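Residue numbers (my numbering), protein chains in the order written: chain A, 68 to 362; chain B, 17 to 328.
To keep things clear, I will list the structure first and then write my remarks on it.
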């Protein structure tokens, strides 16, 4: 039997044994869920266009128009409900039918006012008050409306790749976290495999048939391939979900970063094992095999 | 008991000779094996006996390349045993060990392939040996879920699955129930009939006596007795004379010159003679006391030979 065939045989056994190992399958599922959650949860939990229910005591067409205008500018939606008196409005707030009620110059809330809704109501109130005061001093309402129709500030980014870089940073952070976890996990699997063969004493049977370095090489290669496959599954699943939910603006960048993560896994795995006790033992075994036990 | 004819048919070679030639091994100043030499012939079942620490396991581990001898070598058919030859050896270590979470069929296939079998041939052989050795298991059971006796049978199957040309087994009968002993003994006998030399160590000397064609007794790293069981008995057996003389007075034999009484139970005495040629004088002395119902040289058991050999 050629040494490569022996090494591959050992590697295949390692892969098959791990694929039947519930601990390995659970750890893969855990990593996958963790990556998907960290990529998608911020998006799913952030409501970009919130909707608010707000009560108004009496009828105030100007205020209603101003609130709708401010809400539209902020990217939110406000549904205004009219109440006959302040008690009815307060009762609606207490029963959580509405989030806030406007009573003249007061805003009634149960405990706290959402910051976006607060900005919308304050801006609307200020706009109505300013319009009234300008009309009172004799300015034509049409001119007032024209003067107050100020477009929002245009955002000019000096760093054209700022958004892209932020996305890269997030993907790189997730990739490094997965890389770090998998490198530690795979190193542990190799060490545990060596300990298991030693403690179950099967190593005596194995070493009567194959050389120590072949056994360790098969173990390292098998578990390394498994780790690589695990990383690929996590990367592909994470990226697919991120693209599907429109989390990443430039998929090409994300794919490039993930490719780098996979490349670093190969290098990191080799370095981790080379500097680990089994790795040192492997090198020592290769050097001394012929002299010590394998004529 | 199951038939081993399938295994018998599968062997097409005639077997070879295993030789230990002046094998010496020391750990520090402690000499474990001292110029050990013996050979096991094709189809011979060789029982390797010795007290704990006598060097049996070290001898076997040297043959399997797990320990390097300081001097001497182990040869198979005249060629120094190397990795290629070791792949054709079936080995059962003293410290049993298989993968606990792997199914018996899978790990027997794995060991078969490590010994050079193809995947399909290894799986077929593994299934056959599981059946032949009567391993009781449910499909899909990991090894750790089997009883200890069944695990022991799987361990034996791991040594046999690749149809080895030579079997080296360290304490194979240890821990087996009587049925297991019979199954294993029949399996080994089938291999011997196929021309495979079988070397096994055991403290169960009655088993060794019953099964082995040849026996080696090792003590202090040296082979102190070696040969077929009948030869050893023949060589050592003339020393003990069994006489049954019901009319003889107690102590009658002790008075004879050159005669030592080993035991006396009623009319039966067991004697040792300084000169075996003087047995007829003992017979005459017994007849002078009256009737002689029994007079014979008694063949010692292997246990007695063993005790005598390691005490020498």
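Note that beta-carbon positions come from the ideal geometry of N, C-alpha and C, so glycine has one too.
In this text the structure is predicted, and so the values were computed from the model without any measurement.
Practice problem: Reducing DSSP to helix, strand and coil, say where residue 215 of chain B ends up. | Solution: strand
Quiz item: residue 296 of chain B: buried (16+ other C-beta within 10 angstroms of its C-beta) or exposed?
Solution: Label assigned to residue 296 of chain B: exposed.
Self-check item: Close Cβ partners of residue 166 of chain B (< 7 Å) along its chain, the five nearest in sequence each way excluded
Solution: 151, 152, 153
Self-check item: 4-residue-minimum alpha helix (DSSP H) runs that sit fully inside the region 274 to 309 of chain B, ordered along the chain
Solution: 295 to 305
Quiz prompt | is_contact[residue 261 of chain B, chain A] using C-beta, thresh 8 Å | solution = no
Self-check item: Between the CA atoms of residue 243 of chain B and residue 82 of chain A - distance to the nearest angstrom
Solution: In this model, residue 82 of chain A and residue 243 of chain B are separated by some 49 Å (Cα to Cα).
Quiz item: Closer than 8 Å, Cβ to any Cβ of chain B: which residues of the region 269 to 280 of chain A, in chain order?
Solution: 269, 270, 271, 272, 273, 274, 275, 276, 277, 278
Practice problem: Have a look at the DSSP bridge pairing and note the partners of residue 89 of chain B. | Solution: Beta-bridge pairing by DSSP links residue 89 of chain B to B/37.
Self-check item: Inter-stretch contact at 8 Å, needing at least 3 Cβ pairs: the region 90 to 99 of chain A / the region 132 to 140 of chain A
Solution: Note that the region 90 to 99 of chain A does not touch the region 132 to 140 of chain A; fewer than 3 beta-carbon pairs, one per stretch, sit closer than 8 Å.
Quiz prompt | At least three beta-carbon pairs within less than 8 Å, the region 129 to 142 of chain B to the region 66 to 77 of chain B | solution = Between the region 129 to 142 of chain B and the region 66 to 77 of chain B, the count of Cβ pairs shorter than 8 Å is below three; the stretches do not touch.
Quiz item: Is the number of C-beta pairs between the region 164 to 178 of chain B and the region 118 to 128 of chain B that are closer than 8 Å three or more?
Solution: yes
Self-check item: Backbone secondary structure at residue 206 of chain B - three-state DSSP
Solution: helix
Self-check item: Cβ neighbours of residue 299 of chain B in the same chain (closer than 6 Å, five flanking residues each side left out)
Solution: Here the set comprises 311.
Quiz item: Are the region 268 to 285 of chain A and the region 295 to 314 of chain A in contact at 8 Å, needing three or more beta carbon pairs?
Solution: no
Exercise. To the nearest angstrom, report how far apart residue 152 of chain A and residue 171 of chain A are at their CA atoms.
Key: 11 Å
Quiz item: Taking 8 Å as the CB-CB cut-off, is residue 111 of chain B touching chain A?
Solution: Chain A places a beta carbon closer than 8 Å to that of residue 111 of chain B, counting this residue as a contact.
Exercise. Anything in the region 281 to 299 of chain A with a Cβ closer than 8 Å to a Cβ of chain B? List those residues in chain order, please.
Key: Those would be none; no residue qualifies.
Exercise. Identify the contact partners of residue 116 of chain B in chain A, using a Cβ-Cβ distance below 7 Å as the criterion.
Key: 267
Quiz item: Since residue 228 of chain B is in the beta strand (DSSP E), which residue starts that stretch and which ends it?
Solution: Residue 228 of chain B -> no beta strand (DSSP E), and no H or E assigned at all.
Quiz item: Any idea what DSSP makes of residue 189 of chain B, helix, strand or coil?
Solution: coil
Quiz item: When the Cβ atoms of the region 325 to 333 of chain A are set against those of the region 239 to 257 of chain A, are three or more pairs found closer than 8 Å?
Solution: With a cut-off of 8 Å on Cβ pairs, the region 325 to 333 of chain A is in contact with the region 239 to 257 of chain A, counting three or more such pairs.
Exercise. Compute the Euclidean distance between the alpha carbons of residue 222 of chain B and residue 322 of chain B, then round it to the nearest angstrom.
Key: 11 Å
Quiz item: For residue 135 of chain A, which of helix, strand or coil comes out of DSSP?
Solution: helix
Quiz item: Under 9 Å Cβ-Cβ, which residues of chain B neighbour residue 259 of chain A?
Solution: Here the premise fails: no neighbours, minimum Cβ distance about 12 Å.
Quiz item: By Cβ distance below 6 Å, which residues in the same chain neighbour residue 255 of chain B in space, the five residues on each side in sequence not counted?
Solution: The beta carbon of residue 255 of chain B sits closer than 6 Å to those of 288, all from its chain and outside the five residues before and after it, given in chain order.
Exercise. Provide the residue span of the beta strand (DSSP E) that contains residue 324 of chain A, from first to last.
Key: That residue, residue 324 of chain A, is in no beta strand (DSSP E); its alpha helix (DSSP H) goes 318 to 342.
Quiz item: Which value, in whole angstroms, describes the spacing of the CA atoms of residue 301 of chain B and residue 229 of chain B?
Solution: Their backbone Cα atoms lie some 38 Å apart in a straight line.
Quiz prompt | Proximity of residue 338 of chain A and residue 295 of chain A at Cβ, strictly below 8 Å | solution = Going by beta carbons, residue 338 of chain A and residue 295 of chain A fall outside the 8 Å limit.
Practice problem: Consider the Cβ of residue 76 of chain A: report whether some Cβ of chain B lies at a distance smaller than 8 Å. | Solution: yes
Exercise. Quick one: list the residues of chain A neighbouring residue 107 of chain B, beta-carbon separation under 9 Å, in chain order.
Key: The contacting residues are 271, 272, 275, 276.
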